[in-house]
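Data block below; observations after.
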Amino acid sequence: MDRRGFLGLGAAGGGAVFLSGLYGMAWAEGHDDFYFVQLSDSHWGYKGPANPEADSTLRQAVTAVNSLPVRPEFIVFTGDLTHTTDDPAERRRRMTEFKQIVAGLAVREIHFLPGEHDASLDNGAAFRELFGPTHYSFDHKGVHFIALDNVSDPGARIGEAQLAWLKADLSRQASDARIVVLTHRPLFDLAPTWDWATRDGEQAMALLMPYANVTVFYGHIHQEHHHQSGHIAHHSAKSLIFPLPAPGSQEKRAPLPWDPAAPGKGLGFREVEAEAGLADYRITEFPAMKA
């Protein structure tokens, strides 16, 4: 089966998972291309009317990912792994349960990012205990990935220390390097009154702007959204728990009502195609469940 065949199966089959694939269109011709899966905002531990099936959605996603005809080379979770709680013991319990569930994913690597539900109440202490650093970078087949933490600071800032780290990390990259930034909150002011912004995000963007091939994947807003900052594209992932309204479309941010006739409404997955050797990502969105 070649990559085109895999795309056809993906479009026909759907699945309860949110994924971003990064791979070359010439994959079948032997180029060193790849794709990865992105899941976001699973909010393990949530209980409420916005998703009465919250205790099974994450497990459905694990099953769906393991059913993909081509195994992803790695998976990224872009934050809000768990739902917020004031109880430190409960926070760790939820993270432990989440970790046990996603351990069933049949992949070699999983990269985790915190969301504000995971990290803002203890500055990321529990997250670091169970998942490791809240910001880091790694390389995969010619693409440099940067995971930024804009949630551990309760003020929604990246912070001077991490910005200095980002500057140093970028200084080791060529100006035309292929760079993918992973984060939870958007790095631009999407809807600041809804907490859909990063207060010092413009400083991170200023550091990224000199690099010609940068793409940002994030979560937090529980819906597909695409934004352009100059030559830098930002793409948000849908949630694994419930959808949220369009940015600024109403006075208060609140989950969209649960529809028992269409439990997957507002949930979905995506694939992102890239030409081999270039930073040109083509995104295709699919519904999470069959109608």
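Counted from 1, the sequence shown has number 179 at position 179 by the UniProt record's numbering; the numbering is strictly sequential.
From the three backbone atoms N, C-alpha and C, an ideal C-beta is built for every residue, glycine too.
As assigned by DSSP and simplified to three states, the class of Phe98: Counting from 1 along the sequence shown, the entry for residue 98 is found at position 98. Helix at Phe98.
Sheet register partners of Asn213 (DSSP bridge): Working through the sequence shown from its first residue, we reach residue 213 at position 213. Asn213 is bridged by DSSP to Arg178.
Proximity to Gln100 [Cα-Cα], best of Ser67, His140, Arg59 and Arg128: Numbered from 1 along the sequence shown, position 100 holds the residue referred to as residue 100. Considering only alpha carbons, the answer is Arg59.
Whole runs of the alpha helix (DSSP H) within the region 131-202, excluding any shorter than 4 residues: Fully enclosed alpha helix (DSSP H) runs of no fewer than 4 residues occupy 160-171 of the region 131-202, in order along the chain.
Spatial distance of Ala164 from Ile158 (CA atoms): In the sequence shown, residue 164 corresponds to position 164, counting from 1. In the sequence shown, residue 158 corresponds to position 158, counting from 1. Answer to the nearest angstrom: the Cα atoms are 10 Å apart.
Any 3 or more C-beta pairs closer than 8 Å across the region 240-260 and the region 205-215: These segments do not touch.
Stretch pair the region 76-86 + the region 114-134: three plus CB contacts closer than 8 Å: Verdict: yes, contact present.
Between the CA atoms of His43 and Glu53 - distance to the nearest angstrom: Translated into the one-based positions of the sequence shown, residue 53 becomes position 53. Translated into the one-based positions of the sequence shown, residue 43 becomes position 43. Computed Cα separation, rounded: 12 Å.
Selection from His235, Phe217 and Val216 that minimises the alpha carbon distance to His225: As a working mapping, residue 225 is identified with position 225 in the sequence shown. Out of His235, Phe217 and Val216, His235 has the C-alpha closest to the C-alpha of His225.
Burial state of Arg108, where buried means 16 or more other Cβ atoms lie within 10 Å: Position 108 of the sequence shown, counting from 1, holds the residue named residue 108. By the neighbour-count rule (16 or more Cβ atoms within 10 Å), Arg108 is not buried but exposed.
Best match in His231, His222, Ala233 and Gly230 for proximity to Lys265 [C-alpha to C-alpha]: Sequence index remark: in the sequence shown, residue 265 carries index 265 (1-based). Looking at His231, His222, Ala233 and Gly230, the one whose alpha-carbon comes closest to that of Lys265 is His222.
Closest residue to His227 among Phe188, Ile179, Lys252 and Thr84 (Cα-Cα distance): For the purposes of this step, residue 227 is identified with residue 227 of the sequence shown, where counting begins at 1. Ranking Phe188, Ile179, Lys252 and Thr84 by Cα distance to His227 puts Phe188 first.
Three-state secondary structure (DSSP) of Trp27: The residue labelled residue 27 in the question sits at position 27 within the sequence shown. Low local confidence applies: a pLDDT of 35 at Trp27 is under 50, so the model's placement there is unreliable, with the coordinate-based value given in what follows. Judged by DSSP in its simplified three-state form, Trp27 adopts helix.
Exposed unless 16 or more other CB atoms sit within 10 angstroms - verdict on Arg185: The residue labelled residue 185 in the question sits at position 185 within the sequence shown. Buried, since its Cβ has 16 or more Cβ neighbours within 10 Å.
Of the listed residues His231, Leu182 and Val37, nearest to Ala206 (C-alpha basis): Working through the sequence shown from its first residue, we reach residue 206 at position 206. For the set His231, Leu182 and Val37, the Cα lying nearest the Cα of Ala206 is the one of His231.
Buried versus exposed, by CB contacts within 10 Å (16 or more), Gln162: Working through the sequence shown from its first residue, we reach residue 162 at position 162. Gln162 comes out buried.
Residue of Val70, Pro257, Ala89 and Val37 minimising C-alpha distance to Phe112: Taking the first residue of the sequence shown as position 1, residue 112 is located at position 112. Taking only the C-alpha atoms, the option nearest Phe112 is Val37.
Asp122 versus Thr134: straight-line alpha-carbon distance, rounded: Indexing the sequence shown from 1 puts residue 122 at position 122. Indexing the sequence shown from 1 puts residue 134 at position 134. Roughly 12 Å separates the two Cα atoms.
Asp176 versus Thr183: straight-line alpha-carbon distance, rounded: By 1-based counting over the sequence shown, the position of residue 176 is 176. By 1-based counting over the sequence shown, the position of residue 183 is 183. Those two C-alpha atoms are separated by around 21 Å.
Residue 327 (DSSP reduced to helix, strand or coil): Because the chain is modelled from 1 through 291, residue 327 falls outside the range shown and cannot be assessed.
Rounded Cβ spacing between Trp196 and Pro154 (contact assumed at less than 8 Å): By one-based count along the sequence shown, residue 196 stands at place 196. By one-based count along the sequence shown, residue 154 stands at place 154. Not a contact, Cβ separation roughly 16 Å.
Cβ-Cβ distance between Val65 and Leu130 below 8 Å: Within the sequence shown, numbered from 1, the residue matching residue 65 stands at position 65. Within the sequence shown, numbered from 1, the residue matching residue 130 stands at position 130. With respect to the 8 Å criterion, Val65 and Leu130 are not classified as neighbours on the basis of their beta carbons.
Cβ-Cβ distance between Ala204 and Leu256 below 8 Å: Here residue 204 corresponds to residue number 204 of the sequence shown, with the count starting at 1. Here residue 256 corresponds to residue number 256 of the sequence shown, with the count starting at 1. No, the Cβ-Cβ distance between Ala204 and Leu256 is not below 8 Å.
Beta-carbon proximity list for Asp149, same chain, < 6 Å, skipping 5 on both sides: As a first step, residue 149 must be located in the sequence shown, where it is residue number 149. The beta carbon of Asp149 is closer than 6 Å to those of Thr134 and His135 in its chain, skipping five residues each way along the sequence.
Buried versus exposed, by CB contacts within 10 Å (16 or more), Ser152: Along the sequence shown, one-based indexing puts residue 152 at 152. With 16 or more other Cβ atoms from the protein chains shown falling within 10 Å of its own Cβ, Ser152 counts as buried.
Backbone CA spacing between Ser40 and Val181 [nearest angstrom]: For the purposes of this step, residue 40 is taken as the residue at position 40 of the sequence shown. For the purposes of this step, residue 181 is taken as the residue at position 181 of the sequence shown. A straight-line Cα-Cα distance of about 15 Å links Ser40 and Val181.
Contacts around Gln199, its chain only, beta-carbon distance under 8 Å, and the 5 residues preceding and following it disregarded: In the sequence shown, residue 199 corresponds to position 199, counting from 1. Gln is not the amino acid found at residue 199; the sequence shown has Arg there. For Arg199, same chain residues with a beta-carbon under 8 Å away, outside a window of 5 residues either side, are Gly155, Ala156 and Arg157 in chain order.
Gly132, buried or exposed, once every other Cβ within 10 Å from all chains shown has been counted against 16: One-based indexing of the sequence shown puts residue 132 at position 132. Label assigned to Gly132: exposed.
Backbone CA spacing between Gly124 and Pro263 [nearest angstrom]: Translated into the one-based positions of the sequence shown, residue 124 becomes position 124. Translated into the one-based positions of the sequence shown, residue 263 becomes position 263. Approximately 32 Å between the Cα atoms of the pair.
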